[in-house]
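Working notes, structure below.
There are 6 protein chains.
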Amino acid sequence: MNESNYRMVDVGGKQVTRRRAIATGRIVVGPEVMAYLKQGELPKGDPLRLAEVAAILAAKKTPDLLPLCHPLMLDHVGLLCQLNESVEAVDVYATVVTSARTGVEMEALAAVNAALLTIWDLSKPIEAALTITNVKLLLKEGGKSGRWEHPE
Amino acid sequence: MNESNYRMVDVGGKQVTRRRAIATGRIVVGPEVMAYLKQGELPKGDPLRLAEVAAILAAKKTPDLLPLCHPLMLDHVGLLCQLNESVEAVDVYATVVTSARTGVEMEALAAVNAALLTIWDLSKPIEAALTITNVKLLLKEGGKSGRWEHPE
Amino acid sequence: MNESNYRMVDVGGKQVTRRRAIATGRIVVGPEVMAYLKQGELPKGDPLRLAEVAAILAAKKTPDLLPLCHPLMLDHVGLLCQLNESVEAVDVYATVVTSARTGVEMEALAAVNAALLTIWDLSKPIEAALTITNVKLLLKEGGKSGRWEHPE
Amino acid sequence: MNESNYRMVDVGGKQVTRRRAIATGRIVVGPEVMAYLKQGELPKGDPLRLAEVAAILAAKKTPDLLPLCHPLMLDHVGLLCQLNESVEAVDVYATVVTSARTGVEMEALAAVNAALLTIWDLSKPIEAALTITNVKLLLKEGGKSGRWEHPE
Amino acid sequence: MNESNYRMVDVGGKQVTRRRAIATGRIVVGPEVMAYLKQGELPKGDPLRLAEVAAILAAKKTPDLLPLCHPLMLDHVGLLCQLNESVEAVDVYATVVTSARTGVEMEALAAVNAALLTIWDLSKPIEAALTITNVKLLLKEGGKSGRWEHPE
Amino acid sequence: MNESNYRMVDVGGKQVTRRRAIATGRIVVGPEVMAYLKQGELPKGDPLRLAEVAAILAAKKTPDLLPLCHPLMLDHVGLLCQLNESVEAVDVYATVVTSARTGVEMEALAAVNAALLTIWDLSKPIEAALTITNVKLLLKEGGKSGRWEHPE
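Protein chains in written order, with numbering that gives the first Met the number 0: chain A, 0 to 151; chain E, 0 to 151; chain S, 0 to 151; chain W, 0 to 151; chain L, 0 to 151; chain Z, 0 to 151.
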């Protein structure tokens with residue numbers, strides 16, 4: 000098939016191994032939303048607990064969201080949210096683990112993005128000028144290429 | 000990660016084994032719908048065949064419906080519907096089988112619920128005061144915790 | 000077309016009106032889960048907040064879950080959970096509102112069922128012999144047939 | 000369970016083997032669309048690249064589209080499109096590969112159909128009297144029944 | 000935006016009108032499957048009733064399957080299946096109706112294709128060399144461009 | 000209902016008006032991926048065309064991704080990608096338009112995020128240390144609160 004075609008690349012020759020990825024991202028929310036978050040709640044509810052749910056669901060939906068991603072069984076999805084008061088932001092960290100023939104970087108990134116958008120959705124009645132930034136892959140491990148950590 | 004977070008728990012350390020679950024549930028439909036069902040058809044079509052289809056599709060959608068459920072390959076999904084004339088009800092029984100690292104109780108229950116709601120949807124032009132009741136897990140087997148049967 | 004066919008009935012001749020439905024259901028959880036719920040948390044997290052999320056998502060997925068249901072825009076979905084200590088149960092109430100040509104009974108019922116199954120999923124590490132019961136439509140209003148309340 | 004019931008048949012006793020299927024299909028587009036396609040673009044964009052994307056996504060959605068199909072991990076999905084000027088048509092060929100307990104014929108066919116419908120969607124502003132024809136399974140291999148090629 | 004981009008074209012300036020489309024298609028099943036169909040059942044169940052369900056669900060999923068299609072409310076979806084013994088085939092006809100700013104041709108075609116693939120799925124244990132052919136739009140009406148019928 | 004509950008807020012009292020949102024975001028890809036992009040292609044295909052498709056699909060999936068978002072009909076979705084060589088990045092801009100009771104900010108942001116993740120997915124074989132940054136809402140208009148532009 001012509002190399003310029005879109006295709007889901009064949010991973011059939013790869014080993015089923017335990018693979019893990021961790022991604023992160025930040026939403027800068029400003030002082031007013033930050034004040035609410037320190038109380039643990041926005042008018043539409045606790046955004047961090049809802050972000051956890053959205054992250055787990057998004058990790059499972061990755062092959063539907065990103066056309067060339069393989070459908071995968073996932074062993075674990077978790078999200079950690081941290082208030083970062085010095086920059087009036089929330090930092091999120093998603094971990095995804097699978098036992099599969101290909102990695103879960105995109106699943107971890109999709110989880111991070113869904114979590115950040117969920118926090119956005121609950122924050123926007125208070126502040127419209129939000130910013131998502133600093134979305135990065137921190138770690139991937141498992142598979143032939145071995146462990147990789149973000150250089151920073 | 001904080002124990003109060005929502006997360007998809009890590010099943011990576013569990014064995015892939017054949018696991019099976021059977022769930023049941025009842026919809027009480029009243030005399031008028033029951034009379035139709037004994038003829039095998041409601042005005043909108045045969046509800047029991049449609050319930051079988053809805054049950055199979057719902058079992059496959061479980062990880063999308065229930066946020067903390069793992070995406071799983073399913074080996075088998077089947078639904079049995081029985082008219083229970085003495086209580087003017089339909090009893091449904093769903094069986095789900097997988098070869099996976101976690102069980103399929105929620106898949107069997109999701110299948111039961113979708114089947115009962117489908118019967119509801121076709122019965123409601125005739126009777127609005129329907130009731131779903133008696134939704135239970137009857138059996139689970141496979142995996143470390145072994146076979147469990149409902150005590151009743 | 001043959002009347003025994005499955006089909007999505009034509010609602011094109013109906014008026015777009017505000018329509019509302021309220022449904023309820025109960026999950027009997029037993030003493031051990033009840034003790035946890037009175038503390039507000041199960042080992043896998045707060046089941047009631049998660050049930051709210053699952054209910055909203057399920058209401059939106061109704062046309063995908065129930066084959067003959069019409070795709071609808073929804074104006075509002077909300078879920079109320081109440082601990083019912085005397086029967087060691089959680090009672091849930093879902094309200095769905097639309098501005099559409101057909102009602103939202105099935106959306107309210109799908110929300111109730113997803114909420115109850117979510118509570119089940121978080122309760123099952125503690126108690127396997129759970130029961131869903133008492134799933135009913137309490138109210139529908141809007142449209143030509145007017146207001147209907149459950150006779151009980 | 001009664002043999003006339005719809006069910007997802009139990010494949011738990013089958014071996015996990017590498018399985019492959021190739022399907023094909025044709026859309027006859029007529030002279031005006033053909034002239035555009037020879038330039039590589041329709042007014043709404045390049046239909047063949049979009050068809051590749053739709054095919055990959057459809058292969059992944061097969062268990063959701065076809066009620067009795069098993070959810071499967073897919074190792075590879077690819078689509079090849081060929082202009083067939085002599086009949087003013089586009090021929091598409093989809094290849095799907097899995098490592099699973101059941102084959103991927105329906106996934107390959109779902110990919111072909113989604114590709115053809117996507118070309119249709121982009122061609123219809125120019126020509127409404129399009130035709131899909133010649134949708135066939137060309138090859139399946141892997142599993143107990145071995146290799147099968149279309150007799151033509 | 001550059002005209003060669005993929006985009007969902009803006010239909011905001013069009014009128015909401017009642018729009019209808021009818022599409023057709025054929026699956027050639029051969030003598031052995033035809034003999035079963037005349038009895039009304041294949042070993043995996045009645046394929047025509049299941050095709051109706053798959054068609055309705057597929058019409059609702061069209062915006063998810065075909066990237067550039069608009070999400071639409073649907074007023075009606077129905078499928079008619081006819082055995083065509085002289086060519087050992089099943090002919091299907093799907094009707095879709097909406098009240099919207101754009102037409103439902105692709106929804107009708109998606110319904111036809113899902114119906115034909117469903118019949119294929121149930122027929123393939125008996126006959127692998129099946130063919131889908133003759134998929135056409137027969138009618139569209141409603142909207143500025145008015146009524147169109149297939150010229151044949 | 001208790002104000003701390005998650006719910007889809009009732010928009011039934013709002014007017015159906017034309018509403019538009021524009022969002023933006025950036026992926027910093029580094030020199031090696033940038034060199035490929037200037038040729039128009041990565042080894043897995045043209046990422047910008049694929050990003051357009053992912054953006055349109057993600058806008059339609061927003062109510063499924065973000066739990067509290069309303070299901071909406073969309074009149075238009077489009078994506079513009081610009082290579083930003085001075086910072087070795089791709090900037091994307093998504094526009095979403097609806098005629099509805101609530102706005103489409105989250106749809107535009109979901110489109111931006113899916114586009115950026117798609118570019119990531121195709122760039123990662125070349126460079127793992129990618130960064131998404133600068134995701135912002137630029138404009139929203141329509142509805143009671145009127146036109147809002149990002150202050151920068």
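The beta-carbon is built from N, C-alpha and C at its ideal position, and this holds for glycine as well.
{"Asked": "Tell me whether the region 129 to 141 of chain L and the region 119 to 137 of chain W touch, counting them as touching only if at least three CB pairs, one residue from each stretch, are closer than 8 Å.", "Found": "yes"}
{"Asked": "So which residues of chain W does Gly77 (chain E) contact, with C-beta pairs closer than 9 Å?", "Found": "Met0, Asn4, Tyr5, Arg6, Met7, Val8 and Asp9"}
{"Asked": "Does the separation of the CB atoms of Ala109 (chain Z) and Leu64 (chain Z) fall below 8 Å?", "Found": "yes"}
{"Asked": "Leu49 (chain W) touches chain Z at which residues, Cβ-Cβ below 7 Å?", "Found": "Val52"}
{"Asked": "Roughly how many angstroms separate the alpha carbons of Tyr5 (chain S) and Thr101 (chain S), rounded to a whole number?", "Found": "18 Å"}
{"Asked": "Going by DSSP, what residues sit across from Ser122 (chain S) in a beta bridge?", "Found": "Beta-bridge pairing links Ser122 (chain S) to no other residue."}
{"Asked": "If you reduce the DSSP assignment to three classes, tell me which class Gly29 (chain L) lands in.", "Found": "helix"}
{"Asked": "Just checking, does the region 61 to 78 of chain S make contact with the region 50 to 70 of chain A on the three C-beta pairs under 8 Å criterion?", "Found": "no"}
{"Asked": "Starting from the Cα of Ala41 (chain Z), find the closest Cα among Z:Gly141, Z:Ala22 and Z:Ile125 and give me that residue.", "Found": "Reading the sequence as shown, one finds Leu at residue 41 (chain Z) and not Ala. Selected option, being the one with the closest Cα: Z:Ile125."}
{"Asked": "Using the C-alpha atoms, what's the distance from Lys37 (chain A) back to Leu73 (chain L)?", "Found": "45 Å"}
{"Asked": "When the cut-off is 8 Å and only beta carbons count, does Asp74 (chain W) lie next to chain D?", "Found": "Of the protein chains in the structure, A, E, S, W, L and Z, none is chain D."}
{"Asked": "Where Val96 (chain W) and Ala58 (chain W) are concerned, what is the direct C-alpha to C-alpha distance, given to the nearest angstrom?", "Found": "10 Å"}
{"Asked": "Going along the chain, which residues of its own chain have a beta-carbon closer than 7 Å to the beta-carbon of Gly145 (chain E), five neighbours each way excluded?", "Found": "none"}
{"Asked": "Apply the 10 Å Cβ neighbour rule to Val28 (chain A) and answer buried if 16 or more other Cβ atoms are within range, or exposed otherwise.", "Found": "buried"}
{"Asked": "Report the neighbours of Ala113 (chain Z) on chain A: residues whose CB is nearer than 7 Å to its CB, in chain order.", "Found": "Leu64"}
{"Asked": "Between Ala22 (chain L) and Ala107 (chain L), is the Cβ-Cβ spacing less than 8 Å?", "Found": "yes"}
{"Asked": "Can you find a C-beta in chain E that's less than 8 Å from the C-beta of Arg17 (chain W)?", "Found": "no"}
{"Asked": "Mind listing the chain E neighbours of Glu104 (chain S)? Cutoff is C-beta to C-beta under 7 Å, in chain order.", "Found": "Lys123"}
{"Asked": "Any beta carbon from chain S within less than 8 Å of Asn83 (chain E)'s own beta carbon?", "Found": "no"}
{"Asked": "How far does the beta strand (DSSP E) with Asp90 (chain Z) in it reach, from first residue to last?", "Found": "Ala88 to Ala99"}
{"Asked": "My understanding is that Gly141 (chain Z) touches Arg18 (chain Z), with C-beta atoms under 8 Å, so please give their C-beta distance in whole angstroms.", "Found": "3 Å"}
{"Asked": "For the candidate residues S:Leu82, S:Thr16, S:Ile55 and S:Gly77, whose alpha-carbon lies nearest to that of Tyr35 (chain S)?", "Found": "S:Leu82"}
{"Asked": "In whole angstroms, give me the CA-to-CA distance for Val10 (chain E) and His75 (chain A).", "Found": "7 Å"}
{"Asked": "So with CB distances below 8 Å, who are the chain L contacts of His69 (chain S)?", "Found": "Met72, Leu73 and Asp74"}
{"Asked": "When the Cα atoms are used, what is the spatial distance from Leu47 (chain L) to Leu78 (chain L)?", "Found": "9 Å"}
{"Asked": "Under a three-way DSSP split, which group does Glu2 (chain A) fall into?", "Found": "Summary for Glu2 (chain A): the model assigns pLDDT 47, below 50, so the residue's position carries little reliability; its value from the coordinates is reported in the next sentence. DSSP places Glu2 (chain A) in coil when its eight states are reduced to three."}
{"Asked": "For Ala54 (chain L), which option in S:Ala113, S:Met7, S:Ser122 and S:Asp45 has the closest C-alpha, if you only look at C-alpha atoms?", "Found": "S:Met7"}
{"Asked": "Quick check on the burial criterion: 16 or more other C-beta atoms within 10 angstroms. Buried or exposed for Met0 (chain S)?", "Found": "The predicted model places Met0 (chain S) with a pLDDT of 47, which falls under 50 and marks its position as unreliable; any figure quoted below should be read in that light. With fewer than 16 Cβ atoms within 10 Å of its Cβ, Met0 (chain S) is classed as exposed."}
{"Asked": "Give a yes or no on whether 8 Å exceeds the smallest Cβ distance from Asp90 (chain E) to chain S.", "Found": "no"}
{"Asked": "Compare the C-beta of Lys59 (chain W) with all C-beta atoms of chain A and state if any pair is closer than 8 Å.", "Found": "yes"}
{"Asked": "For Gly44 (chain L), does the count of other Cβ atoms within 10 angstroms reach 16, so buried, or fall short, so exposed?", "Found": "buried"}
{"Asked": "So, is Lys60 (chain A) buried or exposed, given that buried needs 16 or more other C-beta atoms within 10 angstroms?", "Found": "buried"}
{"Asked": "Mapping the DSSP letters down to three states, classify Leu136 (chain S) as helix, strand or coil.", "Found": "strand"}
{"Asked": "Within 8 Å of any Cβ in chain L, is that where the Cβ of Leu136 (chain Z) sits?", "Found": "no"}
{"Asked": "If you measure from the beta carbon of Ile131 (chain L) to each beta carbon in chain W, is any gap under 8 Å?", "Found": "yes"}
{"Asked": "What does Gly142 (chain E) reach in chain S if we use C-beta pairs closer than 8 Å?", "Found": "The premise fails here: Gly142 (chain E) is roughly 13 Å from chain S at the closest Cβ pair, so nothing lies under 8 Å."}
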